[in-house]
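Chains as they are written, first to last, in my numbering: chain U, 1 to 324; chain B, 1 to 66.
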Amino acid sequence: MVGKTILIVDENPASRVFLANHLRAKQFKILEAPTGKEGLIVAWRHETDLVLFDPALTDIPDKEFIYKLRNDPRTMKARLIALSSDPSPARRETCLGAGVDDYLVKSSQAIPALEQILTRVFETETPEAVPDQESGKSGLLVVFLSAKGGTGTSSLCANLALNIQQSQPDGRVVVADLVLPIGSIGPIVGQEGTLNLVTVTDLPAGETNAGYFHKNLPRPEYWQYQVLTGSPDPEHGNSIKGERINQVVSMLCSAYDFVILDIGRSLSRISLPLIQKADLIVLIVSTDQSTVKLTKTVCDYLQTQGVNSQKIYAILNRAVGLEA
Amino acid sequence: MTKAQAEEMIGLPIKTTMPYMGSNFALANNLNQPITVKYPTDTASIILKGAAQEIVNLARRMRQVT
């Protein structure tokens with residue numbers, strides 16, 4: 001832990017100085033900022049390992065502060081800990097939803113809890129924070145599949161991925177949208193941009209390594225995980241280099257602890273090998289008879305392709321209601 | 001269809017049922033917000049949390065088995 005840089009952002013000077021002195025005594029390198037905007041500048045300039053901040057900042061909304069840190073390449077990997085005077089669940093949910101890793105309430109228990117987090121984060125951190133294929137590591141692969149459109153598969157995929165990330169705060173989660181010819185994860189999480197599944201498969205294989213994904217994939221506001229959005233339109237979708245998809249997914253598996261693929265109803269020769277090698281298949285079913293019938297057909301087909309039915313986690317999605 | 005009818009037809013157990021959310025499901029999507037952020041106390045949020053944990057546990061178990 002020695003030598004790690006912690007930035008303390010707190011408008012209350014007494015609180016800031018107390019924390020700074022306490023953490024300096026633990027051999028951390030401490031930076032301080034009295035306002036949110038100054039905190040952002042210091043964080044980006046020094047690329048700090050951890051930002052400890054009171055979310056009650058008067059010069060910038062807490063969500064915006066977190067969003068700016070999470071979406072800037074200089075600080076997107078920094079640990080964010082909110083140390084707040086506000087014990088309300090609403091504030092806590094807001095901060096965690098926006099992307100902080102931990103939320104502590106200022107109390108007599110806050111310092112021991114903070115020390116536990118620092119020990120967990122820094123002492124378990126390996127020198128090679130970016131795993132690669134040589135390390136042999138492979139994150140868990142979870143695919144989301146449905147037999148029919150309109151079952152809310154992409155939405156459940158995006159939402160369950162967030163909850164997976166929150167249940168595994170130290171794990172890296174990525175969601176990749178493989179629905180062709182148009183992806184829908186991007187519109188759900190509010191992410192647009194030129195980097196997507198099609199453009200990634202167009203890059204030379206050597207360029208799309210773990211470090212590339214960690215550095216370049218966006219982390220949309222609220223969603224906490226990184227996203228590889230799908231094809232933005234049918235024209236792009238039809239030009240995808242399908243033969244590269246398996247390789248891209250393998251690289252994602254070497255770079256993340258959880259790789260969550262939205263396949264939607266795009267069961268094809270491209271997606272079948274990914275379904276076959278998935279650790280878990282989340283199968284979304286809606287309540288209308290035609291979807292259930294088609295789901296049976298898909299399940300039977302998967303069985304003929306060697307997919308273990310124990311790996312199928314079926315969800316009945318009533319959230320979207322019945323189709324008219 | 002009931003859950004039991006769907007299970008019988010598919011031939012697989014349904015592990016989780018997401019409740020009907022009216023227009024809230026579409027609204028959260030339209031606002032690009034997670035359901036657990038937009039409706040933190042809704043039953044759907046609680047179910048999502050539980051299902052996420054089950055998915056993680058089952059995926060880990062399946063990895064060990066294969």
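Backbone N, C-alpha and C define an ideal beta-carbon position, used for all residues, glycine too. Source: prediction; values computed, not measured.
In the structure shown, what three-state DSSP assignment does residue i receive?
i                  : result
Gln-305 of chain U : coil
Leu-31 of chain U  : strand
Met-62 of chain B  : helix
Leu-280 of chain U : strand
Asp-262 of chain U : strand
Ala-129 of chain U : Low confidence applies here, because Ala-129 of chain U scores a pLDDT of 39, under 50, leaving its location unreliable and the question unanswered by this model.
Arg-91 of chain U  : helix
Val-320 of chain U : coil
Ala-176 of chain U : strand
Asp-102 of chain U : strand
Glu-134 of chain U : Its pLDDT being 40, under 50, Glu-134 of chain U is placed unreliably by the model, and nothing is read from it.
Tyr-20 of chain B  : coil
Ser-84 of chain U  : strand
Using C-beta distances below 7 Å, list every residue in its chain close to residue i, excluding the 5 sequence neighbours before and after it, in chain order.
i                  : result
Leu-316 of chain U : Val-285 and Thr-287
Glu-7 of chain B   : Pro-13 and Ile-14
Ala-319 of chain U : Gly-152
Gly-242 of chain U : Ile-270
Arg-92 of chain U  : Tyr-103
Gln-305 of chain U : Leu-272 and Gln-276
Glu-32 of chain U  : Ile-8, Arg-16 and Ala-20
Skipping 5 residues on each side, what residues in its chain have a beta carbon closer than 6 Å to that of residue i?
i                  : result
Asn-57 of chain B  : none
Gln-226 of chain U : Val-174, Leu-217 and Arg-219
Thr-35 of chain U  : Asp-59
Ile-260 of chain U : Val-142, Ala-161 and Val-175
Asp-172 of chain U : It should be pointed out that residue 172 of chain U corresponds to Arg in this sequence rather than to Asp. Hits under 6 Å: Tyr-256 and Asp-257.
Glu-47 of chain U  : Arg-74
Phe-213 of chain U : Ala-255
When you compare only the Cα positions, how much space is there between residue i and residue j?
i                  : j                  : result
Asn-308 of chain U : Ile-281 of chain U : 10 Å
Pro-61 of chain U  : Pro-87 of chain U  : 17 Å
Val-121 of chain U : Ile-6 of chain U   : 12 Å
Pro-169 of chain U : Gly-99 of chain U  : 10 Å
Ala-255 of chain U : Asn-246 of chain U : 14 Å
Asp-262 of chain U : Asn-163 of chain U : 15 Å
Arg-60 of chain B  : Lys-49 of chain B  : 17 Å
Phe-325 of chain U : Lys-106 of chain U : Residue 325 of chain U is absent from the model: chain U starts at 1 and stops at 324.
Lys-277 of chain U : Lys-296 of chain U : 21 Å
Ile-111 of chain U : Asn-159 of chain U : 32 Å
Ser-45 of chain B  : Ala-51 of chain B  : 10 Å
Glu-115 of chain U : Asp-72 of chain U  : 26 Å
Glu-235 of chain U : Lys-77 of chain U  : 34 Å
Phe-18 of chain U  : Phe-28 of chain U  : 14 Å
Tyr-222 of chain U : Leu-302 of chain U : 35 Å
Lys-4 of chain U   : Ala-210 of chain U : 23 Å
Give the single residue among the options whose Cα lies nearest to the Cα of residue i.
i                  : options                                       : result
Val-200 of chain U : U:Pro-187, U:Ile-185, U:Leu-252 and U:Gln-166 : U:Leu-252
Ala-26 of chain B  : B:Tyr-39, B:Arg-60 and B:Arg-63               : B:Tyr-39
Ser-138 of chain U : U:Val-249, U:Gly-237, U:Ile-66 and U:Glu-11   : U:Val-249
Asp-101 of chain U : U:Arg-92, U:Gln-116 and U:Leu-80              : U:Leu-80
Ala-161 of chain U : U:Tyr-301, U:Ile-188 and U:Lys-148            : U:Ile-188
Gln-53 of chain B  : U:Pro-273, U:Phe-258 and U:Ala-278            : U:Phe-258
Ser-325 of chain U : U:Ser-231, U:Leu-104 and U:Asn-71             : Nothing in the structure corresponds to residue 325 of chain U, since chain U is present only between 1 and 324.
Leu-57 of chain U  : U:Ile-8, U:Leu-302 and U:Leu-274              : U:Ile-8
Thr-43 of chain B  : B:Leu-31, B:Ile-10, B:Asn-24 and B:Val-65     : B:Asn-24
Leu-178 of chain U : U:Cys-157, U:Glu-192, U:Ser-266 and U:Glu-123 : U:Ser-266
Thr-94 of chain U  : B:Ile-55, B:Thr-41 and B:Lys-3                : B:Thr-41
Leu-23 of chain U  : U:Ile-117, U:Ser-239 and U:Ala-210            : U:Ile-117
Glu-192 of chain U : B:Pro-19, B:Asn-32 and B:Val-65               : B:Asn-32
Lys-37 of chain U  : U:Ser-155, U:Phe-65, U:Leu-156 and U:Phe-144  : U:Phe-65
Pro-19 of chain B  : B:Met-62, B:Ile-47, B:Met-9 and B:Pro-34      : B:Ile-47
Output needed for residue i: all residues of its chain with C-beta closer than 8 Å, excluding positions within five of it in sequence on either side, in chain order.
i                  : result
Leu-195 of chain U : Asn-216, Leu-217, Pro-218, Leu-228 and Thr-229
Cys-299 of chain U : Leu-283, Ser-309 and Ile-312
Trp-44 of chain U  : Asp-72, Arg-74 and Thr-75
Ile-240 of chain U : Leu-180, Leu-197, Val-198, Thr-201 and Ser-231
Count the other CB atoms within 10 Å of the CB of residue i; is the residue buried (16 or more) or exposed (fewer)?
i                  : result
Ile-41 of chain U  : exposed
Lys-293 of chain U : exposed
Thr-16 of chain B  : buried
Ile-185 of chain U : buried
Glu-134 of chain U : At Glu-134 of chain U the pLDDT is 40, less than 50, meaning the model places this residue with poor confidence; the figure from the coordinates comes in the next sentence. Exposed: under 16 other Cβ atoms inside 10 Å.
Asp-10 of chain U  : buried
Thr-119 of chain U : exposed
Asp-233 of chain U : exposed
Asn-29 of chain B  : buried
Thr-75 of chain U  : buried
Thr-150 of chain B : Any property of residue 150 of chain B remains undetermined from this structure, which presents chain B solely from 1 to 66.
Leu-180 of chain U : buried
Gly-11 of chain B  : exposed
Gly-39 of chain U  : buried
Gln-5 of chain B   : exposed
Gly-237 of chain U : buried
Ser-155 of chain U : buried
Of all Cβ atoms in chain C, is any one closer than 8 Å to the Cβ of residue i?
i                  : result
Trp-223 of chain U : Chain labels in this structure do not include chain C; the protein chains are U and B.
Hey, would you say the C-beta of residue i is under 7 Å away from at least one heavy atom of the ligand SAM?
i                  : result
Thr-151 of chain U : In terms of ligand content, the structure shown is empty, and the ligand SAM therefore cannot be addressed.
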